[in-house]
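**Q** Below are the structure tokens for one structure; questions will follow.
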Amino acid sequence: MHTPEPVPAETKPGDETPAEVPTTPPATNEDPFEPITNNFNNVQTAQASSTQSSAAPNMIGDFLPAPFGVSLGNPLGPILPYSPSTYAPAAGGTRLQIGQNNSPLPRDRFAVTYNHFHNAYQMQTSTGELTDAHLDLYTSQFEKTFNDGRSSVELRIPVYSAPNNTQTLEVGNDDVDGYSMEFGNISMIMKRVLIQDCRNSFVVTTGMGLTIPTGPDSRFIGDPTIPATNSITVRNQALSLTPYVATLFRPSDRVFSQFFMQADFALNGNDFNYTNGATVVNGDLNDQHILKFDWQTGIWLMAPPCGGCTDCCGYDSCCDSGCCGLGGGGGGMIRNIAAIFELHYATTMNNADLITVTDPGLTGPVNFGNGYNRVDVLNATVGCTTLVGSQGALTTAISLPLNEISDNVRAFDHELILQYNHYLFPAR
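Counting with our numbering, you get residues 17 to 444 for the letters of the sequence shown.
Written out as structure tokens, the structure reads:
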């Protein structure tokens, strides 16, 4: 059988190899991926306020721990039948509340929070007169995400105005010894997302807070009629760890619910010193461990512009860089408003440390510590959060106590809350 020989390729005169069709496109200065990368960057930039704010506003939060108390056990008998006492800020001022102005979602932001607790402290003289004192708390917060936006670290620096940390126990005088501005205890909070779906309709987060004792000590002195209280000092020395878990649930684009649970553990005690010049008593006062629950529900008053536009914008066919990140009904200065209701419950997990000093100069003992002992606090908070511009969120709220921590004693009369958050970058 004859097999035909292959026909050689046509060659041009002077060429030794066959002509080939060019397979490489001509050189160009254009980036073929530029349209894709530009669109990705636009979507990421537009997500800033949506991812940071409009899935759900921050938990507003509320909590005031039991104050430090000094009670003089009826030092002058039937002549002055009431026991002079004072409840003033404990050493360090306040305790850490993870849920205050916080979200289960890691966020890049800085924030300022103002809390006014009306009639937070009470003093009673030996004649039965009562004086109430207020607490104004200013907190600066900075939160930064890492690990592709699934984790964050937050720094909180509190400053508060309250009755001076040095108070005088005076018979027949119910005046507060002035107010002072003090730095409180600084806290650092770690946050890590465990469960998160694309549209942030269900998120579970856990983390840990650490509080270091940077706030002032507490000191009480007595006037000449109560010589046994010449000097009482409680050092602010306790470190505390606060593990927590938080959830976010969004059954629709407008309705949201959040929950925080935390346990605040004091790791060590505070040095206690009592002296009247002749009698000296030293000891440790341990802060109580506190279990706290925060629950929030609310609704955005304006519908999102295209069905949610959360961090799914890059995958949601209804969303584009024009609508994504508006967080609500339009592109004006006010993007959306959320109506919010919250309940906050806190309970002490152990009995209070009380140090009782008996002195020959008094007809009764002197008690130091949380005289209310086991305390349960239930508060309700109502407020609103307004998305301002593309990166801001302004919250105003009021909180009211729903129970008494002792007979005819509430943790405070009412609380006014003002918060502002500025979101820096989109969560990646």
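Note that CB positions come from ideal geometry on N, CA and C, so glycine has one too.
Using C-beta distances below 8 Å, list every residue in its chain close to Ile371, excluding the 5 sequence neighbours before and after it, in chain order.
**A** If we look at Ile371 and ignore the five residues flanking it on each side, its Cβ neighbours are Phe288, Tyr290, Val297, Gly299, Leu301, Asn383, Phe384, Gly385.
**Q** Verify whether the separation of the beta carbon atoms of Gln274 and Ala71 is less than 8 Å.
**A** The answer is no: Cβ separation not under 8 Å.
**Q** Since I believe Thr161 is in contact with Arg208 (beta carbons under 8 Å), could you give me their beta-carbon distance rounded to a whole number of angstroms?
**A** That pair is no contact at about 11 Å.
**Q** Let's see if you can read the secondary structure: which residues bound the beta strand (DSSP E) around His360?
**A** Run containing His360: 350-364, per the beta strand (DSSP E) assignment.
**Q** Can you find the residues in the same chain that come closer than 7 Å, C-beta to C-beta, to Ile114, ignoring five residues on each side of it along the sequence?
**A** Closer than 7 Å at Cβ, skipping near neighbours: Ile205, Gly225, Thr258, Tyr260, Phe276, Gln278.
**Q** With a CB to CB cut of under 6 Å and the five nearest residues on each side skipped, what residues in its chain are close to Ile173?
**A** Around Ile173: Ser156, Ile202.
**Q** Give every residue of the same chain whose Cβ lies closer than 7 Å to the Cβ of Ile248, excluding the five residues on either side of it in the sequence, and list them in chain order.
**A** Correct list, in chain order: Val86, Arg235, Phe236, Tyr290, Phe384.
**Q** Once you ignore the five residues that flank Phe309 on each side, which residues in its own chain have a CB closer than 7 Å to its CB?
**A** Closer than 7 Å at Cβ, skipping near neighbours: Met277, Tyr361.
**Q** How many angstroms separate the CA atom of Asn389 from the CA atom of Val404?
**A** Cα to Cα, the separation comes out at about 44 Å.
**Q** Which runs of the beta strand (DSSP E) spanning at least 3 residues fall entirely within the region 214-277, listed in chain order?
**A** List check, beta strand (DSSP E) in window: 218-228, 234-238, 247-250, 256-265.
**Q** Do you know offhand how far Tyr137's Cα is from Leu359's?
**A** So the alpha carbons of these two residues sit roughly 22 Å apart.
**Q** Just to confirm the assignment, what range does the beta strand (DSSP E) spanning Thr110 have?
**A** Careful: Thr110 lies outside any beta strand (DSSP E) and carries neither H nor E.
**Q** Name the two residues that bound the continuous beta strand (DSSP E) containing Val391.
**A** Run containing Val391: none; DSSP gives neither H nor E here.
**Q** For Asn366, collect the residues of the same chain with a Cβ closer than 8 Å to its Cβ; drop the 5 residues on either side in sequence, then sort them by chain order.
**A** Excluding residues within five positions, the ones whose Cβ falls inside 8 Å are Gln304, His305.
**Q** Which of the three DSSP states, helix, strand or coil, is assigned to Leu121?
**A** If DSSP states are grouped into helix, strand and coil, Leu121 belongs with coil.
**Q** Taking just the CA atoms, how far does Gly408 sit from Leu121?
**A** The straight-line gap from Cα to Cα measures roughly 16 Å.
**Q** Please report the residue range of the beta strand (DSSP E) in which Ile202 lies.
**A** Segment 202-212, the beta strand (DSSP E) holding Ile202.
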